[in-house]
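In this note's numbering, the protein residues as written are 9 to 307.
A virtual CB, placed ideally from N, CA and C, is assigned to each residue, including glycine.
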Ligand SMILES: [Zn+2]
């Protein structure tokens, strides 16, 4: 009897130990089990509910997901916004400076003759022709546009006079001496240092590509000629025929020549219009292709 009672006591202790061990293992291993499933999750929630911390972590987890989604959307929006900006850049770059005319700057139309770029007595003559109804010789290549311009000016009611075209080297030398004597100067320059007549070799007239055009009833070659209707018409229309006003008033510092509202030079229609639209004299235009020929403005 005594041994049987002792056995039941020991058996009861073993049962209590096993129950305690089972309870401890279930509490500590279920949430971290590798085969964690819905049933265990509910059991874990129940355990947390018993501890008073059930619903809070679950709601926080859901809120974190909700908060992160808009953040992700904002990032996408910010990423798309800068992506649109580069697409607008080509639109901004479209207004560009007018391209230079695609020409051969060494072609005869753009020959630059001035004080710094002189011709020798042997460089010419060009093929000269005398244009009709005047005694004005010019390079044969500009005869047609020159006569077309003169005729259009006449048709507009003006009295055009072709005063002076091609001059040989010796003719320019004689012209220089005569003008210097008439003005009491030796170097062909006025009081401001601008040429009123060019020394032999430095005159564009020696190329036959230029012509002094005045009014038949007003042949005075000075600044006052600009008041004639003939000059006003020529200034407004000369580029249509390929001519430019070679020595403008606002370019005296660059050309080194006084304002001559009568000296027109042929450069072709495209370049004549480009030079006029961009307010360039021939020295400036040629320098765009040949920087070594750039002329510094006079001091
Ligand atoms: Zn002239």
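Fill in: CB of residue 263 within 8 Å of CB of residue 291, strictly
yes
Worksheet item: Taking the continuous alpha helix (DSSP H) assigned at residue 261, which residues delimit it?
Response: 260-263
Discussion item. Shorter than 7 Å, the distance from the beta carbon of residue 172 to the closest heavy atom of ligand 1, or not?
Written reply: yes
Worksheet item: What did DSSP end up calling residue 154 once you bin it into helix, strand or coil?
Response: DSSP places residue 154 within a helical segment (H, G or I) once states are collapsed to three.
Worksheet item: For residue 16, which residues of its own chain have a beta-carbon under 6 Å away from its beta-carbon, when the five flanking residues on both sides are left out?
Response: none
Item to complete: Check whether the Cβ of residue 192 lies closer than 8 Å to any Cβ atom in chain D.
Response: Considering every chain present, this structure includes no chain D. It has just one protein chain.
Item to complete: Taking 8 Å as the threshold, find out whether the segment 192-206 comes into contact with the segment 235-243 through three or more Cβ pairs.
Response: no
Item to complete: May I have a chain-ordered list of the beta strand (DSSP E) segments no shorter than 3 residues that lie completely inside the segment 108-174?
Response: 136-138, 145-147, 168-172
Worksheet item: Is it the case that the CB of residue 220 approaches a heavy atom of ligand 1 more closely than 7 Å?
Response: Checking every heavy atom of ligand 1 against the Cβ of residue 220, one is found closer than 7 Å.
Discussion item. Taking the alpha helix (DSSP H) that residue 237 belongs to, which residues open and close that run?
Written reply: 237-245
Worksheet item: Cβ atoms of residue 252 and residue 272: under 8 Å apart, would you say?
Response: Note that the C-beta distance between residue 272 and residue 252 is below 8 Å.
Practice prompt. Out of 224, 194, 137, state which residue places its alpha-carbon closest to the alpha-carbon of residue 166.
Written response: 224
Worksheet item: Quick one, which of 296, 112, 204 has its alpha-carbon nearest residue 229's?
Response: 204
Worksheet item: What are the boundary residues of the beta strand (DSSP E) that residue 253 is part of?
Response: 251-253
Worksheet entry | N- and C-terminal bounds of the alpha helix (DSSP H) containing residue 222 | Taken as a continuous stretch (DSSP letters only), residue 222 belongs to no alpha helix (DSSP H), being part of the beta strand (DSSP E) at 218-223.
Discussion item. Between the segment 145-155 and the segment 178-196, can you find at least three pairs of beta-carbon atoms closer than 8 Å?
Written reply: Short answer: they don't touch.
Item to complete: Please name the residue or residues paired with residue 197 in a DSSP beta bridge.
Response: 203
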